[in-house]
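Down below is the structure, laid out as structure tokens.
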Amino acid sequence: GQQLNQSPQSMFIQEGEDVSMNCTSSSIFNTWLWYKQDPGEGPVLLIALYKAGELTSNGRLTAQFGITRKDSFLNISASIPSDVGIYFCAGSFGNEKLTFGTGTRLTIIP
Amino acid sequence: NAGVTQTPKFQVLKTGQSMTLQCAQDMNHNSMYWYRQDPGMGLRLIYYSASEGTTDKGEVPNGYNVSRLNKREFSLRLESAAPSQTSVYFCASIRTTLPDTQYFGPGTRLTVL
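Just so you know, the protein sequences line up as chains A and B, in that order.
Number 1242 in our numbering belongs to position 18 of the first sequence; there are no gaps in the numbering.
Number 38 in our numbering belongs to position 35 of the second sequence; there are no gaps in the numbering.
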């Protein structure tokens, strides 16, 4: 089955740094979602995008729905320790079935 | 309002044993899903149910069965567990007033020896 290409696979940053990650697909999606997963927990929705070109923020997080509808980007500004976790992108064709990326593991170096 | 709940949280089975993973949501959502998560693989859809009384296969349905008992509950059954089914299983439901926004349960960590 199809999975989205998410990069980077892992990131090691210092507290206070900005973070960028992206997700690409060979298919067009109608919806892009970004989730964060903490250890031992289920994914939690961070941002939902429904329109090509859309730029949406949630606190220090900003995500964009790519113009081609085949990609999406997530930025985290001024990272803090609680940002540690795995970030997943997910795309949908509008039929309520999501395709997930393989995840980006974010680690903050003391 | 507990959201999506799953039981058990952890389970160890021997090859060939059977078990049922339970999922319930109290958000009055129509659609419910079962995923499995393996290292480096993201989440893969096993089965989903668009409404009470209907179920459909996802990407990796082999070795699993599901039951949508009512609007609240969606169970996943392993009839004869295999080591390849060692994984973390997540149940999710969707809020239909805002398409494609899924809410996940805390997961069941299953090990098959």
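Ideal Cβ positions, reconstructed from N, Cα and C, are used throughout, including at glycine.
Which listed residue (the options) has its alpha carbon closest to that of residue i
i: residue 68 of chain B; options: B:39, B:93, B:78; result: B:78
i: residue 114 of chain B; options: B:31, B:5, B:41; result: B:41
i: residue 1349 of chain A; options: B:39, B:9, B:29; result: Nothing about residue 1349 of chain A can be reported from this structure: the residues present for chain A run from 1225 to 1334 only.
i: residue 1287 of chain A; options: A:1256, A:1302, A:1261, A:1307; result: A:1256
i: residue 85 of chain B; options: B:64, B:17, B:10; result: B:17
i: residue 1282 of chain A; options: A:1258, A:1266, A:1290, A:1267; result: A:1258
i: residue 48 of chain B; options: B:64, B:109, B:80, B:75; result: B:64
i: residue 70 of chain B; options: B:104, B:26, B:116; result: B:26
i: residue 109 of chain B; options: A:1236, A:1285, A:1267; result: A:1267
i: residue 74 of chain B; options: B:13, B:30, B:5; result: B:30
i: residue 88 of chain B; options: B:12, B:116, B:43; result: B:116
i: residue 1284 of chain A; options: A:1307, A:1277, A:1278; result: A:1307
Integer-rounded CB distance, given that residue j should sit under 8 Å from residue i
i: residue 1329 of chain A; j: residue 1238 of chain A; result: Contact flag wrong, Cβ pair sits at about 16 Å.
i: residue 1312 of chain A; j: residue 1254 of chain A; result: 18 Å between Cβ atoms; not a contact.
i: residue 1309 of chain A; j: residue 1260 of chain A; result: 5 Å
i: residue 1324 of chain A; j: residue 45 of chain B; result: 4 Å
i: residue 15 of chain B; j: residue 94 of chain B; result: Actually they are not in contact, since the Cβ atoms of residue 15 of chain B and residue 94 of chain B sit about 20 Å apart, beyond 8 Å.
i: residue 104 of chain B; j: residue 1272 of chain A; result: 6 Å
9 Å Cβ cutoff met for residue i and residue j
i: residue 36 of chain B; j: residue 61 of chain B; result: yes
i: residue 106 of chain B; j: residue 24 of chain B; result: no
i: residue 51 of chain B; j: residue 1294 of chain A; result: no
i: residue 1244 of chain A; j: residue 1297 of chain A; result: yes
i: residue 111 of chain B; j: residue 28 of chain B; result: no
i: residue 66 of chain B; j: residue 83 of chain B; result: yes
i: residue 1332 of chain A; j: residue 1291 of chain A; result: no
i: residue 1315 of chain A; j: residue 1231 of chain A; result: no
i: residue 32 of chain B; j: residue 90 of chain B; result: no
i: residue 1240 of chain A; j: residue 1302 of chain A; result: yes
i: residue 1269 of chain A; j: residue 1247 of chain A; result: no
i: residue 34 of chain B; j: residue 81 of chain B; result: no
i: residue 1242 of chain A; j: residue 1299 of chain A; result: yes
Helix, strand or coil at residue i [DSSP, three-state]
i: residue 1307 of chain A; result: helix
i: residue 40 of chain B; result: strand
i: residue 78 of chain B; result: strand
i: residue 28 of chain B; result: strand
i: residue 87 of chain B; result: helix
i: residue 59 of chain B; result: strand
i: residue 1324 of chain A; result: strand
i: residue 1317 of chain A; result: coil
i: residue 116 of chain B; result: coil
i: residue 68 of chain B; result: strand
i: residue 18 of chain B; result: coil
i: residue 105 of chain B; result: strand
i: residue 1229 of chain A; result: strand
i: residue 53 of chain B; result: coil
Legend entry - Contained beta strand (DSSP E) runs [length at least 3] in the stretch 1251-1305 of chain A, N- to C-terminal order: 1255-1261, 1268-1273, 1279-1282, 1285-1289, 1295-1300
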